[in-house]
Amino acid sequence: MEDVAMPQAKVPRLTGLKKVAGKPVDLLVNGQDLGDDAMLIVRLTEEGFELSDVVNMLSTSEMYLREDMVKRITGRSVRTVQRLLKEGKSIRLDSQQSVVAYQYALVLEMATRAFGGLSQAEIWMQKSTPYLNGYVPLELTHHPLGFQMVEQYLCRVLYGGYP
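Numbering (my numbering), first residue to last: 129 to 291.
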């Protein structure tokens, strides 16, 4: 019997967005200087990020626009998010959604530095890696402990602990 590829469901993506220039974390916090105050990010996530700032952060990466990142972060469909953005109302994510958005922004930013560019970072984030026990960094980032593992790995790459 011949193997026949099954059609895959098309994942909706955010379309019609202009790519916003800037670093993912800076866009997420709307340009606020995080400086050395680690508690500021705690306060900002407690308040909740603006949906428009989250979408701007997502626009920095084709991978984030392609994947089901909107649903992963907001719990809402792409169509719902597009409708909410068109309405122009100020919509804030809840605290947990904001933490997840921050995790994805920080990992993308760190991976871009660690691997020398956005395209290399996106490739790394989508492949399983032996340093993370064969897990895919993009999948781990959603979970708080998985995020810590990815962040620690990237710190080691950035500061010479891993190849």
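Yeah, the Cβ is synthetic: ideal placement off N, Cα and C, and Gly gets one too.
**Message:** For Phe243, report the span of its alpha helix (DSSP H) as first-last.
**Reply:** Walking along the sequence shown from the start, residue 243 turns up at place 115. In this chain, the alpha helix (DSSP H) harbouring Phe243 covers Ser223 to Phe243.
- Task: Since I believe Met185 is in contact with Ala229 (beta carbons under 8 Å), could you give me their beta-carbon distance rounded to a whole number of angstroms?
- Result: In the sequence shown, counting from the first residue as 1, residue 229 sits at position 101. In the sequence shown, counting from the first residue as 1, residue 185 sits at position 57. Going by Cβ atoms, the distance from Ala229 to Met185 rounds to 7 Å, so yes, they are a contact pair.
Worksheet item: Leaving out the 5 sequence neighbours to the left and right, which residues in its chain are closer than 6 Å to Pro152 when beta-carbon positions are compared?
Response: Position 24 of the sequence shown, counted from the first residue, corresponds to residue 152. Met185, Thr188, Ala233, Leu236 and Glu237.
Is Asp222 close to the ligand SAH? I mean its beta-carbon at under 7 Å from any heavy atom of the ligand. For the ligand SAH, the structure offers nothing, since it holds no ligand at all.
Pairwise C-alpha distance: Arg194 and Ser180
In the sequence shown, counting from the first residue as 1, residue 180 sits at position 52. In the sequence shown, counting from the first residue as 1, residue 194 sits at position 66. Cα-Cα distance, rounded: 18 Å.
Ranges of the alpha helix (DSSP H) found wholly within the segment 248-280, counting only runs of at least 4: Listed in chain order, the alpha helix (DSSP H) elements of length 4 or more contained wholly in the segment 248-280 are 265-268.
Taking the straight line between their C-alpha atoms, what separation do you get for Trp252 and Lys147?
Looking up residue 252 in the sequence shown gives position 124. Looking up residue 147 in the sequence shown gives position 19. Looking at the two C-alpha atoms, the distance is approximately 21 Å.
Worksheet entry | Outcome for Thr208 when other beta-carbon atoms lying within 10 angstroms are tallied against a minimum of 16 | Along the sequence shown, one-based indexing puts residue 208 at 80. By the 10 Å Cβ count, Thr208 comes out exposed.
Q. With burial defined as no fewer than 16 other Cβ atoms inside 10 Å of the residue's Cβ, what is the status of Pro272: buried or exposed?
A. As a first step, residue 272 must be located in the sequence shown, where it is residue number 144. Pro272 is exposed by the Cβ-count criterion.
| For Met197, is the classification buried or exposed, using 16 other Cβ atoms within 10 angstroms of its Cβ as the cut-off for buried? | Along the sequence shown, one-based indexing puts residue 197 at 69. It is buried - the Cβ of Met197 has at least 16 other Cβ atoms within 10 Å.
Which residue's Cα is closest to the Cα of Glu250: Glu174, Pro265, Gly159 and Gln210?
If you number the sequence shown from 1, residue 250 lands on position 122. Comparing Cα positions, the closest option is Pro265.
_Among Gln248, Gln276 and Tyr259, nearest to Val227 - alpha-carbon criterion_ = By one-based count along the sequence shown, residue 227 stands at place 99. Taking Val227 as reference, the option from Gln248, Gln276 and Tyr259 with the minimal CA-CA separation is Gln276.
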